[in-house]
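Numbering (the numbering used here), first residue to last: 3 to 204. Report on one structure; see the data block that follows.
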């Protein structure tokens, strides 16, 4: 289960110490928002109306994925139980181990309704971390996607695996057949690595 915290959301409300924790199911990427606050209504503020915080969060979701946000903890627990049957989309291209954990990398080059819905849910993560983030146009065949999952043995002991999303990358094939895209990226990396002030490239 993933958790994103929004400590500085600027919403005019009748509360103080507003905290919003957004929980994601770590495989299927459904969302459960949890709000906590201290009540602070004065006699002057009685005519004020609270903002619909959950509604404002829902406005940021893909228009065709409004059901990705669940309203109750009980519903979210049902989703967590169901996601044990989740299978990654695409073609498995490699497996590796890091820090005693097993990972699998999948590549997706063709769109489908189920994958498009899944991708939209995953891309909603960017909204909390990247300013002006946008969803990709899945109808464009030049997009390709890589999904990295942590793979663990199922508690059922039947040999099946359960998955947790560990990372993803979306690539757009701007340059066709010339082979200059890889050279462009490699050159940018080398230039950035030569700068002493650069600690990481993301």
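No residue lacks a Cβ here, since even glycine has one placed at the ideal position from N, Cα and C.
| Query | Result |
| --- | --- |
| With a threshold of 6 Å on Cβ separation, who are the neighbours of residue 203 within its own chain once the five nearest residues in sequence on each side are excluded? | 194 |
| What runs of the beta strand (DSSP E), each 3 residues or longer, lie entirely inside the segment 139-199? | 145-155, 163-174 |
| Which one of 114, 25, 173, 200 has the shortest CA to CA distance from residue 205? | Residue 205 is absent from the structure shown; the chain starts at 3 and stops at 204. |
| Starting from the Cα of residue 58, find the closest Cα among 22, 77, 80 and give me that residue. | 22 |
| Taking only the alpha-carbon atoms, compute the straight-line gap between residue 34 and residue 186 and give it to the nearest angstrom. | 40 Å |
| May I ask you to report which of helix, strand or coil DSSP gives residue 72? | coil |
| For a test of the three-state rule: what should DSSP assign to residue 83, helix, strand or coil? | helix |
| By the 10 Å Cβ neighbour count, where 16 or more other Cβ atoms means buried, how is residue 110 classified, buried or exposed? | buried |
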